[in-house]
Amino acid sequence: NAGVTQTPKFQVLKTGQSMTLQCAQDMNHNSMYWYRQDPGMGLRLIYYSASEGTTDKGEVPNGYNVSRLNKREFSLRLESAAPSQTSVYFCASINTGRRQPQHFGDGTRLSIL
Amino acid sequence: ELKVEQNPLFLSMQEGKNYTIYCNYSTTSDRLYWYRQDPGKSLESLFVLLSNGAVKQEGRLMASLDTKARLSTLHITAAVHDLSATYFCAVDSGGSYIPTFGRGTSLIVHP
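Protein chains in written order, with this note's numbering: chain A, 1 to 113; chain B, 1001 to 1111.
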């Protein structure tokens, strides 16, 4: 089915390790987003990309970097993982200008020891 | 800064009862969204509300928007166990397409 695909689905890291979370959408959406979800906190925006070639910080960008590789792909990198980054990460996309909601991936459950 | 508040955060109700979840926001809205999330799953879109007085219904769920009061409601009619989930509202404004999410309402429907 068409949609937003995130990899990996689960990951355990040690403090200080680095990794990249991958996200791809096949709906030709222009905007893409990375959120983290922590218990009782709702979704908090880490970074977003309004269009290919642009990225901007969200509410909680510290400790993360992003790359909008092309229109389909938007990756999130943790350069030096910290226990405070243990969370569930969701990627989302939308076609701005249409009266539609964001489409979300299945999430990546990340634990940092 | 746009703030979105949901009430209540936790809701335990019996099957067959009615209840309302409230979503208040602090600035003018362009779009208001309601999502459902089952435990361990992703977010599923329920409704998109665009204008004052908008009302949308799907099964036992009905959402409405009052932009003057900066308030949206999600009304549950004759709740059933399958409605147990966490419900989020999200609002974007200023033409940004950057939704701000509420903290979510965790709903448990008991037999």
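For each residue, glycine too, the CB sits at the ideal point set by N, CA and C.
> Does the stretch 47 to 64 of chain A come close enough to the stretch 1004 to 1015 of chain B that 3 or more CB-CB pairs lie under 8 Å?
Replying inline: no
> Residues in its own chain within less than 8 Å of residue 44 of chain A by CB, not counting five upstream and five downstream?
Replying inline: The count along the first sequence starts at 1 and reaches residue 44 of chain A at position 44. Closer than 8 Å at Cβ, skipping near neighbours: 35, 36, 37, 38, 58, 59, 60.
> Is the Cβ-Cβ distance between residue 1106 of chain B and residue 1043 of chain B less than 8 Å?
Replying inline: Here the question's residue 1106 of chain B lines up with position 106 in the second sequence. Here the question's residue 1043 of chain B lines up with position 43 in the second sequence. Their beta carbons are not under 8 Å apart, which means residue 1106 of chain B does not touch residue 1043 of chain B by this criterion.
> Closest to residue 76 of chain A by CA distance: which of A:67, A:83, A:82, A:84 is it?
Replying inline: Locating residue 76 of chain A in the first sequence gives position 76, counting from the first residue. When only C-alpha atoms are compared, the closest one is A:67.
> Using Cβ-Cβ distances below 9 Å, what residues of the stretch 33 to 53 of chain A are close to chain B?
Replying inline: 33, 35, 37, 40, 41, 42, 43, 44, 45, 48, 50
> Beta-carbon of residue 74 of chain A versus every beta-carbon of chain B: anything under 8 Å?
Replying inline: Along the first sequence, read from residue 1 onward, the residue named residue 74 of chain A stands at position 74. No, residue 74 of chain A lies away from the interface with chain B (no Cβ there is under 8 Å from its Cβ).
> Thinking C-alpha only, which one of B:1088, B:1060, B:1049 is nearest residue 98 of chain A?
Replying inline: Taking the first sequence and counting its residues from 1, one reaches residue 98 of chain A at position 98. If we check each option's Cα against that of residue 98 of chain A, B:1049 comes out closest.
>> If distances are taken between C-alpha atoms only, which option among B:1018, B:1022, B:1030 comes closest to residue 1094 of chain B?
In response: Stepping through the second sequence from its first residue, residue 1094 of chain B is reached at position 94. It is B:1030 whose Cα lies nearest to the Cα of residue 1094 of chain B.
> Relative to chain A, which residues along the stretch 1008 to 1037 of chain B have a C-beta separation below 7 Å, given in chain order?
Replying inline: 1033
> Rounded to whole angstroms, how far is the Cβ of residue 110 of chain A from the Cβ of residue 84 of chain A, which I believe are closer than 8 Å?
Replying inline: Counting from 1 along the first sequence, the entry for residue 110 of chain A is found at position 110. Counting from 1 along the first sequence, the entry for residue 84 of chain A is found at position 84. With 8 Å as the limit, residue 110 of chain A and residue 84 of chain A do not qualify as a contact, their Cβ atoms being about 11 Å apart.
> Where does the unbroken beta strand (DSSP E) through residue 11 of chain A begin, and where does it stop?
Replying inline: Position 11 of the first sequence holds residue 11 of chain A. Where residue 11 of chain A is concerned, the enclosing beta strand (DSSP E) stretches over 10 to 13.
> Using a beta-carbon distance below 8 Å, is residue 1097 of chain B in contact with chain A?
Replying inline: Stepping through the second sequence from its first residue, residue 1097 of chain B is reached at position 97. So, interface residue.
> If we ignore side chains and look at the alpha-carbon of each, how far apart do residue 80 of chain A and residue 11 of chain A end up?
Replying inline: In the first sequence, the residue the question calls residue 80 of chain A occupies position 80. In the first sequence, the residue the question calls residue 11 of chain A occupies position 11. So the two alpha carbons sit approximately 15 Å from each other.
>> Which residues in chain A have a C-beta closer than 9 Å to the C-beta of residue 1083 of chain B? List them in chain order.
In response: Start at 1 with the first residue of the second sequence, and residue 1083 of chain B comes out as number 83. In chain order: nothing, as chain A lies at least about 19 Å away.
>> Please list the terminal residues of the continuous beta strand (DSSP E) segment that includes residue 92 of chain A.
In response: Translated into positions along the first sequence, residue 92 of chain A becomes position 92. It spans 87 to 94 - the beta strand (DSSP E) in which residue 92 of chain A sits, taken as one unbroken run.
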